[in-house]
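I have placed the structure first, in the form of structure tokens, so that the comments after it can refer back to it.
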Amino acid sequence: MKVTAFEELSRSRSKVYIDGEFAFVLYKGELRFYHLCAGEEITQKDYDEIWNEVLPKRAKLRAMNLLTKREYTEKQLYDKLKAGFYPEEIIREALDYVAGFHYTDDLRYACDYIAGHEDSRSRRRIEQDLIGKGIDKLTLERAWARWEEQGGSQDEAAMIQALLKKRGYDPECAEIRERQKTYAFLIRKGFSGEAVRKALKADDIDT
Numbered sequence: 198m199k200v201t202a203f204e205e206l207s208r209s210r211s212k213v214y215i216d217g218e219f220a221f222v223l224y225k226g227e228l229r230f231y232h233l234c235a236g237e238e239i240t241q242k243d244y245d246e247i248w249n250e251v252l253p254k255r256a257k258l259r260a261m262n263l264l265t266k267r268e269y270t271e272k273q274l275y276d277k278l279k280a281g282f283y284p285e286e287i288i289r290e291a292l293d294y295v296a297g298f299h300y301t302d303d304l305r306y307a308c309d310y311i312a313g314h315e316d317s318r319s320r321r322r323i324e325q326d327l328i329g330k331g332i333d334k335l336t337l338e339r340a341w342a343r344w345e346e347q348g349g350s351q352d353e354a355a356m357i358q359a360l361l362k363k364r365g366y367d368p369e370c371a372e373i374r375e376r377q378k379t380y381a382f383l384i385r386k387g388f389s390g391e392a393v394r395k396a397l398k399a400d401d402i403d404t
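For the sequence shown, my numbering assigns the number 198 to the initial residue and increments by one for each residue that follows.
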């Protein structure tokens, strides 16, 4: 196997190409440690050590460091590691590692997200958000069921009124432009057009 090229990603990291194909990303200190130079051979021993020890350890540490700052869904964590140019196999190993310690838990994430937004976003908007974060539909159903078992409920009409009060909206005085802006705001929250028009007392707004 021959190291054919390097592509600098930053002052400290470079993509390494072996036999003309991208292999992995290494830090400058690692390049020096393994004596890697363009046009020269890399031993099978060094290649195996990088693949089986260096990259998995670093990917696990990267995942752990991310999770110390905030919670991620599995997909979000996958995307972060993918952006770091870790190979697919290494990413899966890192995800399995953190999941084994329950550092990632999509059901827990979904339950926490629902509880954190139940008073300000409609069910539809919450589901859109969570699907965008990589939560699958089965996990969503389980999260809503757990939320309801714990006494969770939503009164969307009351939620809309609370948001209108917070915005200082007066349906008796609002001009058409303000009604349109407020309508768009509430639709983005996931409320139905019918419910929003009723709350705004604005039947003249088109959906």
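Here a beta-carbon is modelled for each residue, glycine too, at the ideal position from N, C-alpha and C.
- Taken atom to atom, the span from the alpha-carbon of Leu263 to that of Leu397 is near 43 Å.
- For Glu204, the three-state secondary structure derived from DSSP is strand.
- If you compare the alpha carbons of Arg376, Lys334, Asp243, Phe282 with that of Leu304, the shortest gap goes to Lys334.
- Assigned with DSSP and collapsed to three states, Leu233 falls in coil, not helix or strand.
- Judged by their CB atoms, Ala307 and Leu337 are nearer to each other than the 9 Å cut-off.
- Between Lys225 and Ile332, the alpha-carbon positions lie close to 37 Å from each other.
- Contact annotation: the region 314-326 does not touch the region 236-254, with fewer than three C-beta pairs closer than 8 Å.
- Here Tyr269 is not near Met198, since their CB atoms are 9 Å or more apart.
- Here Leu278 really is in contact with Ala291; their C-beta atoms are around 6 Å apart, less than 8 Å.
- With a minimum length of 3 residues, the unbroken runs of beta strand (DSSP E) contained wholly in the region 209-278 fall at 210-215, 218-224.
- Contact annotation: Thr301 and Leu274 have beta-carbon atoms nearer than 9 Å.
- Here the region 339-346 does not lie against the region 370-386, with fewer than 3 beta-carbon pairs under 8 Å apart.
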